[in-house]
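First up is the structure itself, then whatever we jot down about it.
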Amino acid sequence: MRESGILMHITSLPGPYGIGTMGKAAYAFVDFLEKAGQSYWQILPLTPTGYGNSPYQSFSSCAGNYYLIDLDILIEKGLLTQDEVQGIDWGNDAGRVDFGRQFISRTAVLKKAFRRFKKDAAYEAFIEGNRIWLDDYALFMSIKEICGGASWENWPEELRRHEPDALARKREELAEAVDFQCFLQYEFRCQWENLRRYANERGIRIIGDVPIYVPYDSSDVWSSPALFRLDDNLRPQKVAGCPPDAFSDDGQLWGNPLYNWQEMAKDGYTWWVRRLQAAAKLYDVVRFDHFRGFESYWAVPAGDATARNGRWCQGPGMDFIRTVHRSIPDLDFIAEDLGYVTPEVRQLQLDSGYPGMKVIEFAFDSREEGNYLPHLYPVESVCYSGTHDNETLKQWFDNASAEDVAYAVRYLGLNREEGYIRGMIRGCMSSVSRLCIIQMQDYLELGAEGRMNQPGILSDANWSWRAEEGFDSEDMAASIRAITRLYGRLNG
Numbered sequence: 035m036r037e038s039g040i041l042m043h044i045t046s047l048p049g050p051y052g053i054g055t056m057g058k059a060a061y062a063f064v065d066f067l068e069k070a071g072q073s074y075w076q077i078l079p080l081t082p083t084g085y086g087n088s089p090y091q092s093f094s095s096c097a098g099n100y101y102l103i104d105l106d107i108l109i110e111k112g113l114l115t116q117d118e119v120q121g122i123d124w125g126n127d128a129g130r131v132d133f134g135r136q137f138i139s140r141t142a143v144l145k146k147a148f149r150r151f152k153k154d155a156a157y158e159a160f161i162e163g164n165r166i167w168l169d170d171y172a173l174f175m176s177i178k179e180i181c182g183g184a185s186w187e188n189w190p191e192e193l194r195r196h197e198p199d200a201l202a203r204k205r206e207e208l209a210e211a212v213d214f215q216c217f218l219q220y221e222f223r224c225q226w227e228n229l230r231r232y233a234n235e236r237g238i239r240i241i242g243d244v245p246i247y248v249p250y251d252s253s254d255v256w257s258s259p260a261l262f263r264l265d266d267n268l269r270p271q272k273v274a275g276c277p278p279d280a281f282s283d284d285g286q287l288w289g290n291p292l293y294n295w296q297e298m299a300k301d302g303y304t305w306w307v308r309r310l311q312a313a314a315k316l317y318d319v320v321r322f323d324h325f326r327g328f329e330s331y332w333a334v335p336a337g338d339a340t341a342r343n344g345r346w347c348q349g350p351g352m353d354f355i356r357t358v359h360r361s362i363p364d365l366d367f368i369a370e371d372l373g374y375v376t377p378e379v380r381q382l383q384l385d386s387g388y389p390g391m392k393v394i395e396f397a398f399d400s401r402e403e404g405n406y407l408p409h410l411y412p413v414e415s416v417c418y419s420g421t422h423d424n425e426t427l428k429q430w431f432d433n434a435s436a437e438d439v440a441y442a443v444r445y446l447g448l449n450r451e452e453g454y455i456r457g458m459i460r461g462c463m464s465s466v467s468r469l470c471i472i473q474m475q476d477y478l479e480l481g482a483e484g485r486m487n488q489p490g491i492l493s494d495a496n497w498s499w500r501a502e503e504g505f506d507s508e509d510m511a512a513s514i515r516a517i518t519r520l521y522g523r524l525n526g
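Numbering follows our numbering, with no gaps: position 217 of the sequence shown is 251.
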């Protein structure tokens with residue numbers, strides 16, 4: 035069955051409170067997807083944003099981002115009043131998220147809602163059902179707040195080392211703050227489950243991302259240091275990255291602590307199974323970020339300024355994949371198999387049964403050979419116009435070499451009447467890939483202003499793009515539906 039969907043993160047939706055939320059605009063976008071004949075809504079991780087405002091650098095691998103909690107829904111529940119959300123500085127650019135303002139303004143408003151909240155049986159059931167990660171996360175965030183936001187490595191020694199007696203005292207001392215964090219997670223989950231149900235009832239499945247790594251400053255590393263490659267002082271020994279290539283002489287230095295895969299294997303990868311079980315409560319399909327890291331990963335000495343001195347280390351391979359299959363048999367996966375793909379990585383992807391990714395922008399890059407030309411795609415693959423880390427299609431045409439553009443024109447039969455961007459989308463839709471995902475920014479034909487993230491660059495422009503009101507018009511839905519029908523991908 036041929037299908038298609040649209041990639042657009044929730045934060046990018048329009049709305050009155052400075053950031054896209056799980057409110058009115060999200061439900062309207064689901065309606066738009068249905069009108070456009072789409073089968074999938076792909077989003078970025080729903081976990082809290084961390085360093086650089088990135089959803090891939092989260093304080094927890096299981097928690098939800100409270101910025102996404104819709105305030106109008108809280109007003110409907112009687113937890114806020116309209117006056118309490120008016121006249122607040124949410125940022126002065128409707129086209130960009132001001133994450134600094136969100137941190138200040140949204141937290142203050144949500145604390146007002148918390149004071150009116152009454153615990154009930156549903157709340158207690160949520161707490162009990164998620165205790166295995168929520169207890170540590172809520173305490174972690176509460177301690178971080180009284181420590182001025184400092185990384186846990188700079189906390190008092192007994193807290194840094196997660197000593198039970200010290201934690202028990204702190205949990206009692208910070209009981210109200212811990213309850214506030216639990217309230218945020220409960221409200222997030224209630225709103226998300228309602229939105230996801232609304233989408234599923236209309237034939238829209240949710241694709242979400244699970245980043246392969248977690249950041250050092252996270253409740254995951256703080257509470258389970260033995261599962262990561264840390265030294266006796268709880269500092270990383272090696273960190274994650276990727277090697278030098280045609281795009282970067284220094285490679286990419288991500289800095290995340292690496293997993294102690296040998297230790298994880300001893301209990302059947304329990305930490306990962308719990309993480310993916312949590313993801314299954316959020317998504318219908320999971321995109322495994324940096325899938326090649328399960329075959330082998332680039333380990334860089336901690337403290338190095340670049341990724342040049344890293345080396346390849348063996349990952350858990352099919353032993354891990356088989357565990358995932360057994361433990362979460364009903365969750366579908368997509369393998370993000372981009373980048374440096376060896377025959378061993380390709381074999382792992384094939385053996386896993388997970389479809390890989392094909393980004394059409396990569397098809398015409400003369401700097402690097404690959405198998406991204408549409409006639410080479412396997413049926414069991416997902417074709418993308420681009421991902422959150424790529425240029426928009428318009429930006430690609432603006433910046434690509436004349437040789438690369440000429441190649442795309444010849445190969446896809448691009449012409450000015452149709453438009454080069456629409457022609458590139460046609461190339462994706464007409465491919466044999468069973469699933470095709472197009473970024474909303476590409477349907478809107480946005481340039482650099484619409485790019486979601488530029489890897490390796492710390493910038494307020496990253497992760498902050500928001501669509502204008504009316505982007506999801508009837509005409510746009512009809513246009514997308516027409517090309518979706520033409521290439522046999524129509525939902526229903």
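Glycine is no exception: its CB is placed at the ideal position from the N, C-alpha and C atoms.
Using a 10 angstroms sphere on the CB of Pro-363, the tally of other CB atoms stays under 16, which defines it as exposed. Sequence-distant partners of Cys-462 (beyond 5 residues in either direction) whose C-beta falls short of 6 Å from its own C-beta, in its chain, are Ile-394, Cys-417, Ser-419 and Cys-470. Rounded to the nearest whole angstrom, the C-alpha separation of His-196 and Pro-245 is 25 Å. The beta carbon of Ile-122 sits closer than 6 Å to the beta carbons of Ser-139 from its chain, once the five residues preceding and following it are set aside; these are given in chain order. With a 10 Å radius around the Cβ and a threshold of 16 neighbouring Cβ atoms, Trp-346 comes out exposed. Judged by beta-carbon spacing, Asp-506 lies within the 9 Å limit of Phe-63, meaning their Cβ atoms are closer than that value.
Bounds of any beta strand (DSSP E) do not take in Pro-198; it lies within the alpha helix (DSSP H) bounded by 198-207. Contact check for Asn-87 against Ser-498 passes: the beta carbons are separated by less than 9 Å.
Glu-206 and Arg-231 have their C-alpha atoms spaced approximately 37 Å apart.
Residue pairing from DSSP places Leu-469 in a beta bridge opposite Glu-37 and Val-416. Contact between Leu-310 and Leu-365 holds, since their C-beta atoms are separated by about 7 Å, short of 8 Å.
Here Leu-108 carries a helix assignment [DSSP, helix/strand/coil]. Collapsing the DSSP output to three states places Arg-485 in coil.
With a beta-carbon spacing of about 6 Å, Ala-341 and Pro-277 fall inside the 8 Å limit used to define contacts. Beta bridge pairing from DSSP links Asp-366 with Val-319.
Between Leu-105 and Pro-89, the C-beta gap is not smaller than 9 Å, which leaves the two residues out of contact.
In the DSSP assignment, Val-244 falls within the beta strand (DSSP E) that extends over 239-244. Burial is judged here by how many other beta carbons sit within 10 angstroms of a residue's own beta carbon; His-409 has fewer than 16 and is exposed. In the three-state reduction of the DSSP assignment, Tyr-232 falls in the helix class, which pools H, G and I. Secondary structure note for Gly-98: it is in no alpha helix (DSSP H), with a DSSP letter that is neither H nor E. Comparing C-alpha distances from Val-379 to each of Ile-355, Tyr-220, Gln-475 and Ala-70 shows the shortest one belongs to Ile-355.
For Arg-523, same chain residues with a beta-carbon under 8 Å away, outside a window of 5 residues either side, are Arg-36, Glu-37, Ser-38, Gly-71, Ser-73, Met-463 and Cys-470 in chain order. In the DSSP assignment, Cys-216 forms no beta bridge with any residue. When rounded, the separation of the alpha-carbon atoms in Asp-283 and Thr-376 is 19 Å.
Spanning the alpha carbons of Glu-68 and Gln-488 requires a straight line of approximately 30 Å. Just measuring C-alpha positions, the residue of Met-458, Gly-447, Ala-436 and Leu-287 sitting nearest Ile-491 is Leu-287. Annotation: Tyr-441 to Gln-348 spans about 38 Å, alpha carbon to alpha carbon.
Cβ-Cβ distances below 8 Å link Ser-400 to Ser-435, Glu-437, Asp-438 and Tyr-441 in the same chain, with the five nearest sequence neighbours on each side left out; the list follows chain order. For Ser-257, there is no enclosing beta strand (DSSP E); the residue is part of the alpha helix (DSSP H) that begins and ends at 253-257.
Annotation: the continuous alpha helix (DSSP H) that includes Val-379 extends over 377-386. For Met-391, the beta-bridge partners assigned by DSSP are Val-416. DSSP places Gly-447 in no alpha helix (DSSP H); its state is neither H nor E. A distance below 9 Å separates the beta carbons of Arg-269 and Glu-187.
In the structure shown, the three-state DSSP call for Pro-408 is helix.
Cα atoms of Pro-249 and Ser-92: separation of roughly 7 Å, rounded to the nearest angstrom.
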